[in-house]
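Novice: Numbering (the working numbering), first residue to last: 965 to 1669.
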Amino acid sequence: MRMLGLVLVLTAACANPPQPFGPAQGGAAMAPAGDELFRDDFSKFPIGMLSAPLGQLGGAVQEYHWIERRGIPLDPWENSICYLDAWSAGEEDGKSYVEMHLSAANRYMETSLLAPTFVTGDPEWRDCTVEALVRPLSFDETAGLVFRYKTNRHQYIFVLEKGKQAKLAVRGMIEKSFCRVAYRDLGVADFAYDTRTWYRLRVENEGPKIRAYVDGKLLISAEDDEILSGKVGLIAQCPARFTDFRVTSTAKEEIAARIKKRQDEERSLQAENPKPKLWKKFETPNYGAGRNVRFGDLDGDGIPEMVFAQVVSKVDGGNFVECSCLTAVTLDGKVLWQIGKPDNKHGLLTSDTPFQVHDLDGDGKCEVFLMKDFKLQVLDGMTGKVKQWMWMPPVPELYKDKVKTAKLELKERPHELNAGDSIAFFDLSGKGRRTDMVLKDRYRFFWTYDQNFKPLWEGYGRLGHFPYPCDTDGDGKDEVFIGYARWTPDGKQLWTHDEILNDHADGVAVGNFSGDPKGETRVYTVGSDEGFVMFDLKGTMLKHQRVGHTQNMTVAKLRSDLPGLQIATINFWKNPGILTVFDADGNILTQGEPHHMGSLILPVNWRGDGQEFLLLSGDVKQGGMLDGKLRRAVMFPDDGHPDLAAAVMDLTGDARDEIILWDKERVWIYTQDRPYSGEKIYAPQRNPTYNESNYRAQVSLPRWK
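1) Please classify residue 933 as buried or exposed, where buried requires at least 16 neighbouring CB atoms within 10 angstroms.
2) Mind checking residue 1524: buried by the 16 CB within 10 Å criterion, or exposed?
3) Within 10 Å of its beta-carbon, does residue 977 have 16 or more other beta-carbons around it, so buried, or fewer, so exposed?
4) Roughly how many angstroms separate the alpha carbons of residue 1660 and residue 1313, rounded to a whole number?
5) Is the CB of residue 1346 under 8 Å away from at least one CB in chain B?
6) Flag this pair as touching only if the region 1120-1135 and the region 1221-1237 have three or more C-beta atom pairs under 8 Å; answer yes or no.
7) Could you give the C-beta distance for residue 1550 and residue 1478, rounded to a whole number, given that I count them as a contact under 8 Å?
8) Residue 1558: buried (16+ other C-beta within 10 angstroms of its C-beta) or exposed?
9) Mapping the DSSP letters down to three states, classify residue 1310 as helix, strand or coil.
10) Taking the continuous alpha helix (DSSP H) assigned at residue 1232, which residues delimit it?
11) So what does DSSP say about residue 1653, is it helix, strand or coil?
12) Could you tell me the distance, in whole angstroms, from the CA atom of residue 1042 to the CA atom of residue 1148?
13) Using the C-alpha atoms, what's the distance from residue 1608 back to residue 1110?
14) Using CA coordinates, which residue listed in 1399, 1224, 1064 and 1215 is at the minimum distance from residue 1198?
15) Among the residues of its own chain, which have a CB less than 7 Å from the CB of residue 1553, if the five just before and after it don't count?
16) Going by DSSP in three states, residue 1661 sits in which element: helix, strand or coil?
17) Alpha carbon to alpha carbon, what distance is there between residue 1454 and residue 1422?
18) Going by beta carbon distance, what residues of the same chain come within less than 6 Å of residue 1663, once the five residues before and after it are set aside?
19) Does residue 1471 come out as helix, strand or coil in the three-state DSSP assignment?
20) Thinking just about the alpha-carbon of each residue, which of 1570, 1603, 1644 and 1214 is nearest to the one in residue 1584?
21) Which residue comes first and which comes last in the beta strand (DSSP E) that contains residue 960?
22) Could you say which of 1600, 1470 and 1482 lies nearest to residue 1497 if we only look at CA atoms?
23) Only counting the same chain, and skipping five residues up and downstream in sequence, which positions put a Cβ closer than 6 Å to that of residue 1079?
24) Which of helix, strand or coil does DSSP assign to residue 1021?
25) Look at residue 1013 and residue 1049 and say whether their C-beta atoms are less than 8 Å apart.
26) Would you grab the beta carbon distance between residue 1205 and residue 1334 for me? Rounded to a whole angstrom, and I think it's under 8 Å.
27) At the level of alpha carbons, what is the spacing between residue 1411 and residue 1514?
28) Could you check the C-alpha separation between residue 1569 and residue 1645 for me, to the nearest Å?
29) Quick one: what's residue 1204 bridged to in DSSP?
30) Look at the Cβ atom of residue 1253, then the Cβ atom of residue 1221, and state whether they are nearer than 8 Å.
31) Along the chain, where does the beta strand (DSSP E) containing residue 1407 start, and where does it finish?
32) Assuming contact is defined by CB atoms lying nearer than 8 Å, are residue 1208 and residue 1005 in contact in what I supplied?
33) Give me the Cβ distance between residue 1243 and residue 1633, rounded to the nearest whole Å; I'm assuming they're in contact under 8 Å.
34) Quick check on DSSP: helix, strand or coil for residue 1170?
35) Tell me whether the region 1379-1395 and the region 1347-1354 touch, counting them as touching only if at least three CB pairs, one residue from each stretch, are closer than 8 Å.
36) With C-beta atoms as the reference, is residue 1543 less than 8 Å away from residue 1610?
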């Protein structure tokens, strides 16, 4: 159907101000479809930005920090692309509005991959009529309504597009091309519009039936049942204003019943589980940090200490950092030693930091390994004094060859010596202990050394962020799984997919997670924009699930009703907060968006009965621990605790995990509010603390005591 925009163009000089709901502009009055669920004219928002920019660290700090409160309270609205400060509020001719003000030229706006959305409602909202007044401010892209919203990568839209048409479509979850969001058009109608006029967009949903109107005139009818319920809201890929948002439904009672059933189920689940009980807390005056902490027994008493690192960046604001201060403290907050000048303005980071805590010599007391001043240094764990050091290797000549590095997407390297990015410990020599070191730069080169700093071999490729050690052939030596490649203990590359996959691997895990002792060992990666990728040990790609920019991965027993272990991933860039649970074969079990930020989704052995949870964050409303069906199984008390960063480990000795929550000023540690009463207790085998990283895949293997 074609609608001419000639009258609108001719009368643009006296463009219409926004009008409240009532007679539709350009068409007959329309009665609301059912009972009102929600209405907002945005007058509660003060004029200005609705969120506060994060500054130099940018959105990346939210990959593994909880920084939800960056502006005025939005409730019941949510900015689903958390790192985009896309929304502001204003007033036009006495009428309040919200505006998506970013253009496609913004460095974070990749319109083929994401669309800023402002959402409200509940996943159970169904049979809804959604309408709002919309004034596009640009013809560059689209602006309109979002409905049946499941995630910020999977929803329905009704939008005005590029000045010439209206479109009804499904934004899809998976697309074969590189991290693209699929658009499946349900209908397109010619509709010329201008940037001076307010248009009333309206979408009616009745089961699978959809009817889309502009100014009271039906433009598109369609039927589609890919998603039948979901949140609703506003969506724009170019500047646009919105006001007078309203949602009605003919299924209000059914919606209320479904929501109550879900809430009752979660309350029952939470009642069955131990509640978090405060165990310890202490202050970290001026030396505190974000998720830049290591744990290890420095004094040999069997109880881990914490080492806080503050960092400064000298190159590009986050990719290349150096420790400016290290502070070692007990779990009671007693400072054992400190090197450098503490200043908590250096507490946050958006990368790994090259330091670890490891008992290299096996005497029961850990040393601290640190890359600083272009040196690898070994510090005495009790005093912080340097015991041993070596110069870091030179920056490889390959970096300086612009022809050879054209495809490597390298960051600028201003130094002759390598500053370092992360440290990992392997057993490359078959000693039975991981005393060999893998040192890597940010993205491309790595070097291996024995415990005496003797060089072993080196390699390069699309490394990703943190390697994974695993002895897959039973020879007593670890192979190096790094990025999309497998290396033998003596430095032979067995295979790589660097030429096939376009983005680096944020994490990698290796193992037989099927639950069958005779099952195959596989290699799992979260490949940033490549999504979730699974290989066999020969390097054959077995599964490629393009679920968005997968940032972090956890392997654990999340579902007691299913065989083997489950793999959970969470997205950040472009589509933040989408959490997907896979089985060991890489099939999707469930997917949701419990919040709109990143998380390390740390595995938590909270009950000790063999089923683990995922720690989302310490936030009292949007955080908590999720089960394998993405239900909030445990919530934290509203007691003023910090929630910037988190770690999980057994600190009391009963095999169940404690939760360590902290910010730059204090640390709070929670344990269970009740003892364990079973005959045996689950005590999963986890990644060792000496291979800590903000990017490592978290692997929690079954074990009982």
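From the three backbone atoms N, C-alpha and C, an ideal C-beta is built for every residue, glycine too.
Specialist: The answer reads as follows:
1) Only positions 965 to 1669 of the chain appear in the structure, and residue 933 is not among them; the question remains open.
2) Exposed: under 16 other Cβ atoms inside 10 Å.
3) Only weak support is given to the placement of residue 977: the predicted model assigns it a pLDDT of 31, under 50, and the value that follows is read from those uncertain coordinates. When all chains shown are included, residue 977 counts as exposed.
4) Taking the straight line joining both Cα atoms gives about 16 Å.
5) Of the protein chains in this structure there is only one, and it is not chain B.
6) no
7) About 11 Å separates the two Cβ atoms, so there is no contact after all.
8) buried
9) helix
10) 1216-1236
11) helix
12) 25 Å
13) 31 Å
14) 1064
15) 1530, 1545, 1546 and 1547
16) Correct three-state label for residue 1661: coil.
17) 10 Å
18) These residues qualify, in order along the chain: 1473, 1519 and 1651.
19) strand
20) 1603
21) Within the shown structure, residues of the chain are numbered from 965 to 1669, placing residue 960 beyond reach of any answer.
22) 1470
23) 1199 and 1201
24) helix
25) Yes, they are a contact pair.
26) About 52 Å separates the two Cβ atoms, so there is no contact after all.
27) 27 Å
28) 10 Å
29) 1064 and 1100
30) Taking 8 Å as the Cβ cut-off, residue 1253 and residue 1221 do not qualify as a contacting pair.
31) Element bounds for residue 1407: n/a, residue is neither H nor E.
32) yes
33) 5 Å
34) Residue 1170: strand per DSSP, three-state reduction.
35) no
36) No, the pair does not count as a contact, with Cβ atoms beyond the cut-off.
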